[in-house]
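Trainee: A single structure is presented below for examination.
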Amino acid sequence: MHYPLVVAVIKEPYYQIPDWLNTDVAYTEYVKLTGQTTSDEVDLFIAMLLGYNNIDIKGTPHEVLKRLFDESDVVIGGGIYFESNDRIIPPSCCSGLESWRDVLDSVINRISPWMGHNPTPRMEFADNIVRVWSDDSNEEDVDKNELYYIDFDYVEFIAKLKMVESDLMEFARVPLFNRFLEFDLELANNVVKRFESWFIFKGD
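Below, the structure written as structure tokens:
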């Protein structure tokens, strides 16, 4: 990955893991969704996908996933994550992975996107620079001394945001597919198809 980093993540995947996955996996605050996502990280993603959508995880993979597939709208907490050196600016509360394209569209239009609240990350645009702030200095309860930012070249920033689609497709078609291939080829293909409709081509 090339820094400064722009990548899709899920946030706080602290959900019960189905017994047909690795229940001993170590929980992490974020999981980056790329072709290099590990098997343990995929298990955290699956557990959060089920838990976040209130899916009963009792039963076989086929039974549990059928419940998920029957949902009319599937979402998950996360979004776009920015990192440079020792600074990270993750998506905040109520931000969803399914809305990641809104960030790209806003940047193209040079408008600060909504990326969650408490903290409330925001962007400033000046000529060819995009400055991503860790929080909104206009909020009453924000300590301005704790604010920090990451600067991006505007053209490069848009290119990095567009690469999120490729990252998500690689995540779905390699590590996510391979995890479900351990259970069944048809199930693996169906999971990939559903993931793409929920988080890549949603609304297309």
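All residue numbers for the sequence shown refer to this note's numbering, where the first residue is 44 and numbers rise by one. Beta carbons are placed, not taken as given, at the ideal position from N, Cα and C, and that holds for glycine. These figures come from a predicted structure and were not determined experimentally.
If distances are taken between C-alpha atoms only, which option among 243, 235 and 244 comes closest to residue 250?
Mentor: Nothing can be reported for residue 250: it is not among the residues displayed for the chain, which extend from 44 to 247.
Trainee: Please tell me whether residue 214 and residue 77 are closer than 7 Å, where the distance is taken between their beta carbons.
Mentor: Cβ distance < 7 Å, so residue 214 and residue 77 count as in contact.
Trainee: Just the Cα atoms here: how many angstroms apart are residue 176 and residue 245?
Mentor: Their backbone Cα atoms lie some 28 Å apart in a straight line.
Trainee: Suppose only complete runs of 3+ residues qualify. What are the beta strand (DSSP E) ranges in the region 95-160, listed by chain order?
Mentor: Taking only runs of at least 3 residues, the beta strand (DSSP E) segments lying wholly in the region 95-160 are 121-127 and 130-132.
Trainee: Please classify residue 89 as buried or exposed, where buried requires at least 16 other C-beta atoms within 10 Å of its C-beta.
Mentor: With 16 or more Cβ atoms within 10 Å of its Cβ, residue 89 is classed as buried.
Trainee: Which residues does DSSP pair with residue 54 in a beta bridge?
Mentor: According to DSSP, which records beta bridges pairwise, residue 54 is partnered with 73.
Trainee: Quick check: the Cα distance between residue 54 and residue 74, rounded to an integer number of angstroms?
Mentor: Cα-Cα distance, rounded: 7 Å.
Trainee: Span of the beta strand (DSSP E) holding residue 217?
Mentor: Counting along the chain, residue 217 falls outside any beta strand (DSSP E), and DSSP gives it neither H nor E.
Trainee: Between the alpha carbons of residue 166 and residue 118, how many angstroms are there, rounded?
Mentor: Residue 166 and residue 118: Cα-Cα distance of roughly 24 Å.
Trainee: For residue 192, write down the residues that DSSP places opposite it in a beta bridge.
Mentor: In the DSSP output, where bridge partners are listed per residue, residue 192 has 176.
Trainee: Could you tell me which residues DSSP pairs with residue 165 in its beta bridges?
Mentor: Beta-bridge pairing links residue 165 to 176.
Trainee: Can you name the residues that DSSP bridges to residue 68?
Mentor: According to DSSP, which records beta bridges pairwise, residue 68 is partnered with nothing at all.
Trainee: Within this structure, are the beta carbons of residue 238 and residue 231 separated by less than 7 Å?
Mentor: Contact flag unset, no.
Trainee: Exposed or buried, what is residue 116 when buried is set at 16 or more other beta-carbons lying within 10 Å of its beta-carbon?
Mentor: When all chains shown are included, residue 116 counts as exposed.
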